[in-house]
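Going by full-length UniProt numbering, 101 is the number at position 101 of the sequence shown; the sequence numbering is gapless.
Beta carbons are placed, not taken as given, at the ideal position from N, Cα and C, and that holds for glycine.
All of these numbers come straight from a predicted model, not from anything done at the bench.
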Amino acid sequence: MSKTKELNLKEQIIDAARRVLLSEGYRNFSLRKIAGEIDVSATSIYLHFENKDDLVHTLMEQAIERLNNQLQQVVSEADSPIAKLEALAYEYVRFALKYQREYQIIHLTSSDEMTRYPKEKFRKARKGYEIVSNVLQEGADGGLIAEEKPRMAAYTFWAQLHGVMSVVLSKRLDTRINRQEFIDEAIEHIIDGYKIRTALQTNNK
């Protein structure tokens, strides 16, 4: 098989795996089902992936890398720490809404049934947290954000946004509430938290 055909087959496997994983869940996910989806033998899949967890980890890695690349781009275009935080928040929301399948796959890292996500891949997965942590550190160094634990704050930042998007994507938002207004207000509350703490610390000096 030529390299081009091998690459095409690998992409077909990944696309089929993404569909099956999200439609049937991890427990019912198998390489045999993937093979049936694209009409190839299971052996053909083993030429590209060691086992089903290797394939799922690849899906997760691709989705995480896509999100992190977008986050890096928007943060480079903003001109202040607060503006960067706001840009990161809206980009996270945009990604979750536009790429819902990838967003769901990213959060499979917590599955107890799956082989532990490889350390070398998890280091890449942490990049999104590090981007926020660096912005918070930049703000702290410049006296613009009162934050003594930027790494911890980065995790709470993403945790709050994930909570917001969990409500939106699971369609648990009250129908009387406008979705965009809910998102805007949630992000405003998150950003205002940094502003208020900074103002309080400044006034107490």
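Counting along the chain, the unbroken alpha helix (DSSP H) around Leu161 starts and ends at 150–169. In the DSSP assignment, His57 falls within the alpha helix (DSSP H) that extends over 52–77. Collapsing the DSSP output to three states places Thr43 in a helix. Boundaries for Phe49: no alpha helix (DSSP H) harbours it, and the DSSP string shows neither H nor E there.
Between the beta-carbon of Ile45 and that of Ile13 there is about 6 Å, and that keeps the pair under the 8 Å contact cut. Shortest Cα-Cα distance from Tyr92 to any of His189, Phe157, Asn178 involves Phe157. CA-CA distance, Arg32 to Leu85, rounds to 44 Å. DSSP places Ser133 within a helical segment (H, G or I) once states are collapsed to three.
By the neighbour-count criterion, in which 16 or more other beta carbons inside 10 Å mark a residue as buried, Met165 falls on the buried side. Ranked by Cα distance from Arg94, the options Ile131, Pro81, Asn68 are led by Asn68. Restricting attention to Asn28, Asp79, His189, His57, the CA atom closest to the CA of Lys119 is found in His57. In the same chain as Leu169, and ignoring 5 residues on each side of it, the C-beta atoms closer than 7 Å to its own belong to Ala96, Gln100, in chain order. By the neighbour-count definition (other C-beta atoms within 10 Å, threshold 16), Glu77 is an exposed residue. With fewer than 16 other Cβ atoms from the protein chains shown falling within 10 Å of its own Cβ, Ile177 counts as exposed. In the structure shown, Arg27 falls within a coil segment according to DSSP collapsed to helix, strand and coil. Taking 8 Å as the upper bound for CB-CB distance, Leu71 and Gly142 are not in contact here, some 21 Å apart. Selection Leu22, Leu161, Ala16 evaluated against Ala42 yields Ala16 as nearest (Cα-Cα). Counted as a single uninterrupted DSSP element, the alpha helix (DSSP H) harbouring Ile82 occupies residues 81–98.
For Gly193, the three-state secondary structure derived from DSSP is helix. When rounded, the separation of the alpha-carbon atoms in Val167 and Leu173 is 6 Å. In the displayed model, Glu147 falls within coil according to three-state DSSP, outside both helix and strand. Between Tyr194 and Ile131, the C-beta spacing is not below 8 Å.
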